[in-house]
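Take a look at the structure set out below.
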Amino acid sequence: DLGKVWTSWEFWRRIVPTFLSRPKLDVQKMIGENKAVLGFNLIWLWDGRSEPLKLIRLIDDMMQSSVRWRPPLVGREFDFSEAPDALRYFKSGASVGKVVLKVPDDDR
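Be aware that the sequence shown starts at 0, since it is given in the numbering used here, and climbs by one per residue.
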C-alpha cells in the first residue's frame, strides 16, 4: 500500500535527515575547481509499486567507492607554449576527448 510507505516511521527516519544534511554546493565555484555534480531525478525511478528504500539502496550501491569510473579520454596534448594551436584545434571541432595543455613544472 503506497500510503503506508509515506507514513512509515522508518522511511522518514532514514530519508529526512539525509535530505536535510545534504551539502550546499556553489556550482559556479566548482567549475573553477574542475569538479562536477552527479544528480538523480528520483521521480523517474518511481513506478508506484517500488519501495523507496530499495531504490535508495540501489543508488547507494552504485555510488560506493568500489564503483570505478573510467578516466576521461585524452584526445590530444599540447605544450603550454602551443596554447594558441590547442585552442584552434579545439574550436575546429575535430577534437575527440579532452584537449590538454601541459603546464611546465615551476623550478623555483
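Using N, Cα and C, we set each Cβ at its ideal position, and we do this for glycine too.
- The region 77 to 90 makes no contact with the region 53 to 62, as fewer than three CB pairs between them are under 8 Å.
- Excluding the 5 residues flanking it on each side, Gly-31 has no same chain C-beta neighbour closer than 8 Å.
- Note: Arg-69 is not bridge-paired with any residue in the DSSP secondary-structure output.
- Gln-27 and Lys-34 have their C-alpha atoms roughly 10 Å apart.
- The beta carbon of Ser-91 is closer than 6 Å to none in its chain, skipping five residues each way along the sequence.
- For Val-15, the enclosing alpha helix (DSSP H) stretches over residues 8 to 19.
- Counting along the chain, Lys-90 sits inside the alpha helix (DSSP H) bounded by residues 82 to 91.
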